[in-house]
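Asker: Dropping a structure here in structure tokens format, bear with me for questions.
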Amino acid sequence: MERKHSTLCISAFTKIEWHGRNIAGRYWIRWDIPQAHLSARTDLTAIGRDPNNQIYPIAWDVVNSESNDNWQWFIHRLKIDFGLGMGDLVTIISDQHKGLIHGVAVELPRAEHRACARHTYSNLKKNHNSDTLKPLFWCIACRYNEADYEKSLDIFKQFDPLAVDNLLKKDPSTWCRAFFWIAKHCYSYPNTCGDYECVEFANGYTVNLPSRSCACRKWDMSRIPCRHAVSVIRENGLEVEDFISDYYLTSQWQDLYMNGLRPVNGPKFWKKSGADRIEATSYK
Numbered sequence: 001m002e003r004k005h006s007t008l009c010i011s012a013f014t015k016i017e018w019h020g021r022n023i024a025g026r027y028w029i030r031w032d033i034p035q036a037h038l039s040a041r042t043d044l045t046a047i048g049r050d051p052n053n054q055i056y057p058i059a060w061d062v063v064n065s066e067s068n069d070n071w072q073w074f075i076h077r078l079k080i081d082f083g084l085g086m087g088d089l090v091t092i093i094s095d096q097h098k099g100l101i102h103g104v105a106v107e108l109p110r111a112e113h114r115a116c117a118r119h120t121y122s123n124l125k126k127n128h129n130s131d132t133l134k135p136l137f138w139c140i141a142c143r144y145n146e147a148d149y150e151k152s153l154d155i156f157k158q159f160d161p162l163a164v165d166n167l168l169k170k171d172p173s174t175w176c177r178a179f180f181w182i183a184k185h186c187y188s189y190p191n192t193c194g195d196y197e198c199v200e201f202a203n204g205y206t207v208n209l210p211s212r213s214c215a216c217r218k219w220d221m222s223r224i225p226c227r228h229a230v231s232v233i234r235e236n237g238l239e240v241e242d243f244i245s246d247y248y249l250t251s252q253w254q255d256l257y258m259n260g261l262r263p264v265n266g267p268k269f270w271k272k273s274g275a276d277r278i279e280a281t282s283y284k
């Protein structure tokens, strides 16, 4: 795809570059693709969350508009530079802009494209503004399984049925954790029939240590043993730390920032090139 405007990126002006760790490092962060508006221009950005849940910059591109072509080019560069293929085992979280939806569908057709829950709530709040609305929404969005999702949804319906109707116009599978595909978050472990039942408030939860999963799905998605798993692990005389994903290792976190951005001195310290001054053009 031909490039018709300039690009700003982490370490080059002609293509999008990986910030920090090499391409393999993409397995140790969670990706988010937001956008921000600059003066008369738009900043297309790919960021992530590191194992410490901190924002991790990946790449950015300054364009004149959020067009289909601009978003497709941006996604295409991420796809090529990071070897994302058709998007298998790739999850993208965004504000669901039409241009971005188009770009992901064309370049990464097998990726799971989720909606940013914060944007979903902001859109809901425009027509249903209440102090009670926010905790009710997040209680639904953060549920790990469908049973808890339905329970929280019923509570919300009792408070504001119309708000629930408007909320469900947005497919819950894109913004509610209960419907997210677990395979995007965990590795496969052989199941050697290591099933255990953990009972909490008269409700049973099946915990499988070899597959590192629990019926509540919290362990499956966070890769940190849930309270049901912790109970089973300790009952078997094992160490909880041994069942936490390598994703959270300090060594992995350190590797991500090994080649990070360095501070840049202000304009008065910049060396003079002796060349003609480049002025901004009126072309947009």
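Just so you know, the sequence shown maps onto residues 1 to 284 in UniProt numbering.
In this text, a Cβ means the ideal position worked out from N, Cα and C, and glycines have one as well.
These figures come from a predicted structure and were not determined experimentally.
Assuming residue 175 and residue 115 are in contact, meaning their beta carbons sit under 8 Å apart, how far apart are those beta carbons, in whole angstroms?
Answerer: If you number the sequence shown from 1, residue 175 lands on position 175. If you number the sequence shown from 1, residue 115 lands on position 115. Right, the Cβ-Cβ distance comes to about 4 Å (below 8 Å), so this counts as a contact.
Asker: Within this structure, are the beta carbons of residue 120 and residue 170 separated by less than 9 Å?
Answerer: Working through the sequence shown from its first residue, we reach residue 120 at position 120. Working through the sequence shown from its first residue, we reach residue 170 at position 170. Against a cut-off of 9 Å, the Cβ pair of residue 170 and residue 120 comes out as a contact.
Asker: Measuring only the C-alpha atoms, how far is residue 87 from residue 110?
Answerer: Start at 1 with the first residue of the sequence shown, and residue 87 comes out as number 87. Start at 1 with the first residue of the sequence shown, and residue 110 comes out as number 110. If I take the Cα positions, the gap works out to 5 Å.
Asker: Using only the alpha-carbon positions, how far apart do residue 117 and residue 231 sit?
Answerer: Locating residue 117 in the sequence shown gives position 117, where the first residue counts as 1. Locating residue 231 in the sequence shown gives position 231, where the first residue counts as 1. C-alpha separation (whole angstroms): 31 Å.
Asker: For residue 103, I'd like the list of residues in its chain whose CB is within less than 6 Å of its CB, leaving aside the five on either flank, ordered along the chain.
Answerer: On the sequence shown, residue 103 is found 103 positions in, with the first residue counted as 1. 71, 72, 75.
Asker: If contact is defined by three or more beta carbon pairs under 8 Å, each pair taking one atom from either stretch, is the stretch 144 to 151 in contact with the stretch 120 to 136?
Answerer: Output reads no: the stretch 144 to 151 does not touch the stretch 120 to 136.
Asker: Helix, strand or coil for residue 44? Go by DSSP, reduced to three states.
Answerer: Here the question's residue 44 lines up with position 44 in the sequence shown. Reduced to three states, the DSSP call for residue 44 is strand.
Asker: Between 218, 43, 242, 198, which lies nearest to residue 181 when the distance is taken from Cα to Cα?
Answerer: Looking up residue 181 in the sequence shown gives position 181. Out of 218, 43, 242, 198, 218 has the C-alpha closest to the C-alpha of residue 181.
Asker: Taking the beta carbon of residue 221 as the centre, do at least 16 other beta carbons fall within 10 Å, making it buried, or is it exposed?
Answerer: Here residue 221 is taken as the residue at index 221 of the sequence shown, counted from 1. Result: buried.
Asker: What is the DSSP secondary structure of residue 204, reduced to helix, strand or coil?
Answerer: Reading the sequence shown from its first residue, position 204 is the one you call residue 204. Residue 204 falls in the strand class under three-state DSSP.
Asker: Leaving aside the five residues before and after residue 296 along the sequence, list all residues of the same chain whose C-beta is less than 6 Å from its C-beta, in chain order.
Answerer: The first residue shown for the chain is 1 and the last is 284, placing residue 296 beyond what the model contains.
Asker: Assign residue 59 to one of three DSSP states: helix, strand, or coil.
Answerer: Taking the sequence shown and counting its residues from 1, one reaches residue 59 at position 59. Note: residue 59 maps to strand in three-state DSSP.
Asker: Measuring only from the beta carbon, is residue 114 closer than 8 Å to any heavy atom that is part of the ligand ATP?
Answerer: Judged by which ligands are present, the structure shown has none, so any question about the ligand ATP falls away.
Asker: Mapping DSSP to helix, strand and coil, what is residue 187?
Answerer: Indexing the sequence shown from 1 puts residue 187 at position 187. With a pLDDT of only 46 at residue 187, under 50, the local geometry of the prediction cannot be trusted, and the value read off the model is given with reservation. Looking at residue 187 - three-state DSSP - the assignment turns out to be coil, as it is neither helix nor strand.
Asker: Hey, out of 84, 136, 97, 177, whose CA is closest to residue 158's CA?
Answerer: By 1-based counting over the sequence shown, the position of residue 158 is 158. Considering only alpha carbons, the answer is 136.
Asker: According to DSSP, what are the bridge partners of residue 75?
Answerer: As a first step, residue 75 is located in the sequence shown; it is residue number 75 there, counting from the start. Its beta-bridge partners do not exist; DSSP assigns none.
Asker: With respect to the alpha helix (DSSP H) encompassing residue 235, which residues constitute its N-terminal and C-terminal limits?
Answerer: Taking the sequence shown and counting its residues from 1, one reaches residue 235 at position 235. Counting along the chain, the alpha helix (DSSP H) containing residue 235 begins and ends at 227 to 235.
Asker: Is it buried or exposed for residue 266, if we count other Cβ within 10 angstroms and need 16 for buried?
Answerer: Taking the first residue of the sequence shown as 1, we reach residue 266 at position 266. By the 10 Å Cβ count, residue 266 comes out exposed.
Asker: In three-state DSSP terms, what is residue 111?
Answerer: As a first step, residue 111 is located in the sequence shown; it is residue number 111 there, counting from the start. DSSP places residue 111 in coil when its eight states are reduced to three.
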